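Everything on this sheet refers to the single structure shown next.
Protein chains: 2
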Amino acid sequence: MIKAKKKGPASKKKRPVILVTNDDGITAPGLRALVDAMQEIGEVVVVAPDSPQSGMGHAITIGKPLRLEKVAFHGEFLGYQCSGTPVDCVKLAVNKVLHRKPDLCVSGINHGSNSSINVIYSGTMSAAMEGAIEGIPSVGFSLNNYSMEADFTACQHYAKIVAKNILSSGLPVNTLLNVNFPDLSLKKIKGLKLCRQALAKWEEEFDERKDPRGRPYFWLTGKFRNYDKGEDTDEWAMKNGYVSVVPVSFDFTAHHAFQFLNKMKWDV
Amino acid sequence: MIKAKKKGPASKKKRPVILVTNDDGITAPGLRALVDAMQEIGEVVVVAPDSPQSGMGHAITIGKPLRLEKVAFHGEFLGYQCSGTPVDCVKLAVNKVLHRKPDLCVSGINHGSNSSINVIYSGTMSAAMEGAIEGIPSVGFSLNNYSMEADFTACQHYAKIVAKNILSSGLPVNTLLNVNFPDLSLKKIKGLKLCRQALAKWEEEFDERKDPRGRPYFWLTGKFRNYDKGEDTDEWAMKNGYVSVVPVSFDFTAHHAFQFLNKMKWDV
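Listed in order, the protein sequences are those of chains C and G. Add 17 to a position in the first sequence, counting from 1, and you land on the number used in our numbering. Add 17 to a position in the second sequence, counting from 1, and you land on the number used in our numbering.
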């Protein structure tokens, strides 16, 4: 899949190198959909986790070593699978596969939305954030549908627009993009919309059960609650038929908080 | 350790409930140091991982169930250990141990600094961030010393000041604190300093080895590089003998990026 295209008149201009990763693992249909879309734009290199890594956030693997192995399907070289987290994949891709920074790092297409507060828990978005920290223009893509049979046609259309846009214009310093697709057909999607992260949250409930020895264990469940009524948020955009595009920063400093905090007595 | 104090004249005023967690695990000396300090201020409840979880970032456990068990040392009840990540600990503490929000959530004291970009990878800081998402005033504490024999005396002094400050003044909305201690004696520390996150990064190197079957594996290593020369950063403060206090937001929106992005053609 990352074989060089035959050189022809159209390929005289050097094609960009695009790193594709995800958190659902190398066999996920969403990864395949993103690879197929990106191959129309550039030379694709895949480095993805060898197993699902949803909810891994910005985890890195420091207590054990990592494996990196070539993967082929039906004799066709697909890419590399890594035993670590999505963030590990990006680090290994840059250092041990490409030996250079790619021109673009795309992560996804995630099976499930990463809008709003989900950006914090998402391995998909953490992979893109790691790309941005490394200085690579990076974007995470997610579809608001958890099914393995989801239709990624509309996502592919808009992912190509976003990728081309980034490759031609670049991104502001220290910024990546969080792109979320509503689960709609291409015809029904109204377009792309720049948004801010909705200040929504998960309200947890733990499903408490007993094991055969009578000892308790807990399954994490929860309900997503959006108390943010703004019409400039990613949640609003998705609900209203738009593809949401949120610029994301890895400077977590709460600059708005200094005025309040400066009034507190710190020099005790 | 969380036994109710005997009621006396001094305890008529209700003592605050303080949740203590970390990412180094329930047996870490840094946790014990933080518990000892917080017990001077309030009623302490400990819910911490049953094993070290450094570098876990904002990972949550969704693919397997969680265990939560009481832990005692030498007959003294210490708290609860959880089989999950630091973020899982906070969720379980609120939902299944306290059945209410604590008045304060403190995480640490981490064995190793979580200043600058480390805030992103840190389980310590993710636990505090989860507390803040739940609406609890939250703070992460870290000492710039990885040793299990580190001296936490100065940290305890300043952790109490920060905790009291938060309990009396509160924190700005959607904001937690990232507090990092230089590895200095109480006498040598110049005080607390409000800072922004230094825009530094890790430059990875992978240590490639062969297993006994000749197959490669990789250890993640790297060097911390600070290219941010600002004197208002946490890195500067730590290097100059201050305890750094960075307000941290879980709204990751890169608000500074909209001007640039609005000029790009999104309506294709």
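For glycine and all other residues, C-beta sits at the position ideal for the given N, C-alpha and C. It should be emphasised that the depicted structure is a prediction, and the values quoted were computed from it without experimental measurement.
(message) Assuming C/Cys122 is part of the beta strand (DSSP E), what are its boundary residues?
(response) 121–128
(message) Please report the straight-line C-alpha distance between G/Pro199 and G/Phe169, rounded to a whole angstrom.
(response) One C-alpha to the other measures close to 11 Å.
(request) Assign G/Gln173 to one of three DSSP states: helix, strand, or coil. (result) helix
(request) Determine the contact status of G/Tyr244 and C/Ile77, defining contact as a CB-CB distance below 8 Å. (result) No Cβ-Cβ contact shorter than 8 Å links G/Tyr244 with C/Ile77.
(request) Kindly indicate if chain C contains any beta-carbon less than 8 Å away from that of G/Arg242. (result) no
(request) Indicate whether at least one CB of chain G lies closer than 8 Å to the CB of C/Ser266. (result) yes
(message) With distance defined between alpha-carbon atoms, name the residue in C/Glu252, C/Cys212, C/Arg84 nearest to G/His273.
(response) C/Cys212
(request) Could you check the C-alpha separation between G/Lys118 and G/Leu36 for me, to the nearest Å? (result) 9 Å
(message) Give me, in chain order, the residues of the same chain whose beta-carbon lies closer than 7 Å to that of G/Phe267; leave out the 5 immediate sequence neighbours on both sides.
(response) Met146, Ala149, Ile150, Asn191
(message) Looking at chain C, is there any beta carbon in it that lies within less than 8 Å of the beta carbon of G/Lys20?
(response) Only weak support exists for where G/Lys20 lies, its pLDDT of 45 falling under 50; the coordinates are left without a value.
(message) Between which residues of its own chain and C/Met165 is the CB-CB distance below 8 Å, once the five residues before and five after are set aside?
(response) Ala45, Pro46, His128
(request) Give the residues of chain G in contact with C/Tyr234, contact being defined as C-beta atoms less than 8 Å apart. (result) Pro82, Leu83, Arg84
(message) Residues of the segment 103–117 of chain C in Cβ contact with chain G at a cutoff of 9 Å, in chain order, please.
(response) Val104, Asp105, Lys108, Leu109, Val111, Asn112, Lys113
(message) Tell me whether G/Leu160, by its Cβ, gets closer than 7 Å to a heavy atom of the ligand COA.
(response) Looking for the ligand COA in the displayed structure turns up nothing, as the structure carries no ligands at all.
(message) Only counting the same chain, and skipping five residues up and downstream in sequence, which positions put a Cβ closer than 8 Å to that of G/Lys210?
(response) Cβ within range, chain order: Ala254, Tyr259, Val260, Ser261, Val262.
(message) Helix, strand or coil, according to DSSP, for C/Leu51 in the structure here?
(response) helix
(message) Please classify G/Glu93 as buried or exposed, where buried requires at least 16 other C-beta atoms within 10 Å of its C-beta.
(response) Burial state of G/Glu93 is exposed, judged by a 10 Å Cβ sphere holding fewer than 16 other Cβ atoms.
(request) Go through its chain and collect everything with a Cβ distance to C/Ser224's Cβ below 6 Å, but skip five positions before and after it. (result) Reading off the sequence, residue 224 of chain C comes out as Asp, not Ser. Hits under 6 Å: Trp236, Thr238.
(message) Could you check whether the Cβ of C/Met281 sits closer than 8 Å to any Cβ belonging to chain G?
(response) yes
(request) Would you check if the distance between the CB atom of C/Asn131 and the CB atom of C/Asn197 is smaller than 8 Å? (result) Yes. Within cutoff.
(message) Less than 8 Å between CB atoms is the rule here; does C/Val62 satisfy it with respect to chain G?
(response) By this cut-off, C/Val62 is not an interface position.
(message) If contacts are defined as beta-carbon pairs under 8 Å, then C/Asp251 and C/Gln214 qualify, I think. What distance do you get, rounded to the angstrom?
(response) 6 Å
(request) Compute the Euclidean distance between the alpha carbons of C/Val62 and C/Asn195, then round it to the nearest angstrom. (result) 21 Å
(message) Taking only three categories from DSSP, how would you classify G/Glu252?
(response) helix
(message) Is there a C-beta anywhere in chain C that falls below 8 Å from the one on G/Glu166?
(response) no
(request) Would you identify the three-state DSSP class for G/Ser186, choosing helix, strand or coil? (result) helix
(message) As a quick exercise: from C/Ala180, C/Ser133, C/Asp53, pick the residue whose alpha carbon is nearest that of C/Lys161.
(response) According to the sequence displayed, residue 161 of chain C carries Asn and not Lys. Ranking the options by Cα distance to C/Asn161, first place goes to C/Ser133.
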